[in-house]
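Peer 1: Residue numbers (our numbering): 9 to 298. Below: one structure in structure tokens.
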């Protein structure tokens, strides 16, 4: 018989004797009693005076096994909830950013304005700056609050009321700052307007990745708790700077050379939605402590 089979059989026999010992602990019988050792992978045989004396030891061993099972069960539940939360946050990040772009395009179409985004701009956003933050959100570690939340309703879909309200709030806020940047650039020419809308939307979505990491503020979860998110932000920002500044890239991505003021406005407008949402979360966390 293999060692693994012997351990399994020994473990089953040990559990059976421990259970019977707990039920029949008041019976005084001189015998040889089998009791599990601290390492539950095997069993130890001890000669004892009575079953009653050793039923207490077996009870403590059973409590130890129970604690081990509880810790393992908590780990499984935490891992499952973490994966589900990260998937939902990644979906929310992608949908809210795309919804903002749809709002801007729809508004420009209704108001008979020039096209806010060129096809190459959307390709840049979808292939580069969208994928990196979404993957980084999927690497968000678990926190202590996961097991404190109520279990979700398995019959409830993804687009529930809470999810949809957040989606609209994120999408509208990013769309507003993008449209504002478009109007600022439009004072120069249509190419500058398109460039500013493209740069603002891209940078705003990179900042938005920090908001979608968790339902808590970045001050509570910590900026460095997910290094992949920080790396994705800086990588996306460097790619955007290269597209705007480098001679070969700005021709490839069909962007206009912008003034220092316009570049400053892009940074301020792109950061504004994330700043507002983080401040709101920080205020809620402050009042929840009270």
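All C-beta atoms, glycine included, are put in the ideal place defined by N, C-alpha and C. It should be emphasised that the depicted structure is a prediction, and the values quoted were computed from it without experimental measurement.
Let's test the definition: count the other Cβ atoms within 10 Å of the Cβ of residue 124 and tell me whether it reaches 16, buried, or not, exposed.
Peer 2: Here residue 124 refers to the residue found at position 116 when the chain shown is read from its first residue. Flag for residue 124 reads buried.
Peer 1: Check whether the segment 124 to 140 touches the segment 220 to 230, counting contact only when three or more Cβ pairs, one atom from each stretch, lie closer than 8 Å.
Peer 2: no
Peer 1: Grab me the residues of residue 200's own chain with a C-beta within less than 8 Å of its C-beta, minus the 5 sequence neighbours each way, in chain order.
Peer 2: Here the question's residue 200 lines up with position 192 in the chain shown. Same-chain partners within the cutoff: 193, 194, 264, 266, 270.
Peer 1: In chain order, which alpha helix (DSSP H) runs of at least 4 residues are fully inside the segment 100 to 154?
Peer 2: 127 to 132, 139 to 145
Peer 1: Quick one: grab the DSSP three-state call for residue 165.
Peer 2: One-based indexing of the chain shown puts residue 165 at position 157. Note: residue 165 maps to coil in three-state DSSP.
Peer 1: Compute the distance between the beta-carbons of residue 175 and residue 100, then report whether it is under 8 Å.
Peer 2: Along the chain shown, one-based indexing puts residue 175 at 167. Along the chain shown, one-based indexing puts residue 100 at 92. In contact: residue 175 and residue 100 (Cβ atoms closer than 8 Å).
Peer 1: Can you tell me which of 95, 88, 133 puts its alpha carbon nearest to the alpha carbon of residue 244?
Peer 2: Mapped onto the chain shown, residue 244 falls at position 236. Of the candidates 95, 88, 133, the one whose C-alpha sits nearest the C-alpha of residue 244 is 133.
Peer 1: State the DSSP-derived secondary structure class of residue 266, mapped to helix, strand or coil.
Peer 2: Along the chain shown, read from residue 1 onward, the residue named residue 266 stands at position 258. In the structure shown, residue 266 sits in coil (DSSP, three-state: anything other than H, G, I, E or B).
Peer 1: Below 8 Å on the Cβ atoms is my guess for residue 114 versus residue 142; work out the distance and round it to an integer in Å.
Peer 2: As a working note, residue 114 is residue 106 in the chain shown. As a working note, residue 142 is residue 134 in the chain shown. That pair is no contact at about 24 Å.
Peer 1: Residue 108 and residue 179 look like a contact to me (Cβ under 8 Å); what is the Cβ gap, rounded to whole Å?
Peer 2: Your numbering for residue 108 matches position 100 in the chain shown. Your numbering for residue 179 matches position 171 in the chain shown. Contact flag correct, Cβ pair sits at about 5 Å.
Peer 1: State the CB to CB distance for the pair residue 290 and residue 225, rounded to an integer number of angstroms; the pair is presumed to be in contact (CB under 8 Å).
Peer 2: As a first step, residue 290 is located in the chain shown; it is residue number 282 there, counting from the start. As a first step, residue 225 is located in the chain shown; it is residue number 217 there, counting from the start. Rounded, the Cβ-Cβ distance is 5 Å, consistent with contact.
Peer 1: What span of residues does the alpha helix (DSSP H) with residue 213 cover, start to end?
Peer 2: The count along the chain shown starts at 1 and reaches residue 213 at position 205. Note, residue 213: alpha helix (DSSP H), 198 to 219.
Peer 1: Could you pull out every residue in the same chain whose Cβ sits closer than 7 Å to the Cβ of residue 207, ignoring the five residues on either side in sequence?
Peer 2: Within the chain shown, numbered from 1, the residue matching residue 207 stands at position 199. The residues are 248, 252, 274.
Peer 1: Does residue 242 come out as helix, strand or coil in the three-state DSSP assignment?
Peer 2: Counting from 1 along the chain shown, the entry for residue 242 is found at position 234. Three-state result, residue 242: helix.
Peer 1: Assuming residue 212 and residue 112 are in contact, meaning their beta carbons sit under 8 Å apart, how far apart are those beta carbons, in whole angstroms?
Peer 2: Translated into positions along the chain shown, residue 212 becomes position 204. Translated into positions along the chain shown, residue 112 becomes position 104. 11 Å between Cβ atoms; not a contact.
Peer 1: For residue 112, would you say it is in contact with chain D, using Cβ-to-Cβ distances shorter than 8 Å as the test?
Peer 2: Absent here is chain D; the protein component of the structure consists of one chain.
Peer 1: Return helix, strand or coil for residue 222, following the three-state DSSP convention.
Peer 2: What you label residue 222 is simply residue 214 of the chain shown in a count that begins at 1. In the structure shown, residue 222 sits in coil (DSSP, three-state: anything other than H, G, I, E or B).
Peer 1: Kindly list the residues whose CB is nearer than 8 Å to the CB of residue 203, restricted to its own chain and excluding five residues on each side of it in sequence; keep chain order.
Peer 2: For the purposes of this step, residue 203 is identified with residue 195 of the chain shown, where counting begins at 1. Excluding residues within five positions, the ones whose Cβ falls inside 8 Å are 193, 252, 263, 264, 266.
Peer 1: Identify which residue in 106, 104, 119, 129 has its Cα closest to the Cα of residue 257.
Peer 2: Indexing the chain shown from 1 puts residue 257 at position 249. Among 106, 104, 119, 129, the Cα nearest to that of residue 257 is on 129.
Peer 1: Over what stretch of residues does the alpha helix (DSSP H) that includes residue 256 continue unbroken?
Peer 2: By one-based count along the chain shown, residue 256 stands at place 248. Start and end: 255 to 260.
Peer 1: To which residues of the same chain is residue 246 closer than 7 Å at the C-beta, ignoring the five residues directly before and after it?
Peer 2: Sequence index remark: in the chain shown, residue 246 carries index 238 (1-based). Within the same chain, residue 246 has no close Cβ partners at all.
Peer 1: Check residue 88 in the structure and name its three-state DSSP category.
Peer 2: Position 80 of the chain shown, counted from the first residue, corresponds to residue 88. Residue state, collapsed to three classes: helix.
Peer 1: Helix, strand or coil for residue 193 per DSSP?
Peer 2: On the chain shown, residue 193 is found 185 positions in, with the first residue counted as 1. Helix.
Peer 1: Compute the Euclidean distance between the alpha carbons of residue 278 and residue 172, then round it to the nearest angstrom.
Peer 2: Here residue 278 corresponds to residue number 270 of the chain shown, with the count starting at 1. Here residue 172 corresponds to residue number 164 of the chain shown, with the count starting at 1. Between residue 278 and residue 172, the C-alpha separation is close to 22 Å.
Peer 1: Buried or exposed for residue 145, please, with buried defined as at least 16 other CB atoms from any protein chain shown within 10 angstroms of its CB.
Peer 2: Walking along the chain shown from the start, residue 145 turns up at place 137. Flag for residue 145 reads buried.
Peer 1: May I have the straight-line CA-CA distance separating residue 110 from residue 190, to the nearest angstrom?
Peer 2: On the chain shown, position 102 is the one that residue 110 refers to. On the chain shown, position 182 is the one that residue 190 refers to. One C-alpha to the other measures close to 14 Å.
Peer 1: Once the 5 residues before and after residue 241 are set aside, which same chain residues still bring their CB inside 6 Å of it?
Peer 2: The residue given as residue 241 occupies position 233 in the chain shown. Counting only Cβ-Cβ distances below 6 Å, and skipping sequence neighbours, we find 214.
Peer 1: Excluding the 5 residues preceding and the 5 following residue 220 in the sequence, name in chain order all residues of the same chain whose CB lies nearer than 7 Å to its CB.
Peer 2: Along the chain shown, one-based indexing puts residue 220 at 212. Excluding positions up to five away in sequence, the list reads 97, 100, 101, 145.
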